[in-house]
Amino acid sequence: MTITTPDDFALRWRKPPNFPLEVPFDYTFLPAIDVLDHLRKDEEVRFTILGDDDWQVRMDRTAAFRTAPIEEIVAWPFRLVHFNLSRFYDDLLNGFQEEVMIPWRSHLSDRGFTWQRLAPILFLSTEGAASTYHNDNSHGLAWQVYGTKTFHSYLNPDQHLSAEAAVIGETSGEDPPAHDPADRQSVTMRPGDQLWSHALTPHWVTTESTLAMSVTLSHGGLCHQGNFSERELALRAYWDKNPHEAWAHDLRKVRY
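Residue 1 is where the sequence shown starts when you use the UniProt record's numbering, and the numbers rise one by one after that.
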């Protein structure tokens with residue numbers, strides 16, 4: 001069931017599984033290929049060249065990624081992420097702060113939510129590319145902008161990875177572990193589709209179109225009327241026991 005009302009969201013956000021939702025953001029992105037051409041040259045971008053080509057081919061493509069013709073780049077299998085999008089609010093993402101971030105923050109605040117961090121992340125990838133298998137310490141509102149991706153997680157994450165194990169990073173890997181496909185929750189996302197991804201739940205994303213672009217609004221420390229989500233309580237308990245690590249858990253994954 002797609003979540004379309006504030007009351008529905010407030011009931012569903014604290015406990016997996018993931019769920020689709022509809023937030024009517026009034027924002028139009030530049031074409032994905034133009035965004036790619038801009039971001040690939042930025043010093044803070046992170047990208048990984050993928051595929052079955054030999055090591056030297058991947059190394060050569062990595063070296064040429066920022067300067068090769070863009071038509072050539074989109075034929076390579078790769079995944080790309082940028083975490084510091086506020087740097088582009090005056091050009092590439094002009095109006096994003098006013099038309100997306102401020103309305104969404106206001107929407108949450110008006111309904112009793114608080115947070116410690118709320119920031120957008122942008123993902124670009126080509127057909128056949130997949131993210132790593134990982135979990136995030138933050139809740140994500142995943143918004144498919146261009147192309148098609150499939151967001152994979154589990155109907156019952158506790159059966160595959162406890163919140164306590166997720167906190168200490170037992171999730172990260174290039175591929176998901178063997179599992180029964182019946183346990184999987186796979187949601188195919190096309191332009192305009194949105195999905196709520198719960199904090200500390202293992203997941204991975206595959207790209208089904210020639211080029212795909214999505215934006216995730218990442219919510220760190222999200223709390224509703226004094227209550228954290230069920231799995232995030234494990235993160236809070238860990239930080240209580242290890243206060244020196246509390247602010248070392250940033251949203252920027254070392255491996256994407």
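Glycine residues also receive a C-beta, built at the ideal position from the N, C-alpha and C atoms.
DSSP, read as helix, strand or coil, puts Trp104 in helix. Spanning the alpha carbons of Asp240 and His139 requires a straight line of approximately 20 Å.
Cβ neighbours of Val100 within its own chain (closer than 6 Å, five residues either side excluded): Phe25, Tyr27.
For the segment 86-137, the full-length beta strand (DSSP E) segments reaching 3 residues or more read 117-126 along the chain. The beta-carbon distance between Ser186 and His134, rounded to whole angstroms, is 16 Å. This is too long to meet the 8 Å contact definition.
Of the candidates Ile70, His198, Glu232, His198 places its Cα closest to the Cα of Leu217. Along the segment 39-83, the beta strand (DSSP E) occurs as fully enclosed runs of 3 or more residues at 46-49, 78-82, listed in sequence order.
DSSP places Gln159 in the helix class (H, G or I) of the three-state scheme. Apart from sequence neighbours up to five positions away, the residues of its chain that approach Glu232 with a beta-carbon distance below 7 Å are Ala199, Leu200, ordered along the chain.
Within its own chain, the residues whose Cβ lies closer than 7 Å to the Cβ of Glu164, once the five positions on either side in sequence are excluded, are Ala234, listed in chain order. Here the C-alpha atom of Lys41 lies approximately 15 Å from the C-alpha atom of Ile49. In the DSSP assignment, Tyr238 falls within the unbroken alpha helix (DSSP H) covering 232-241.
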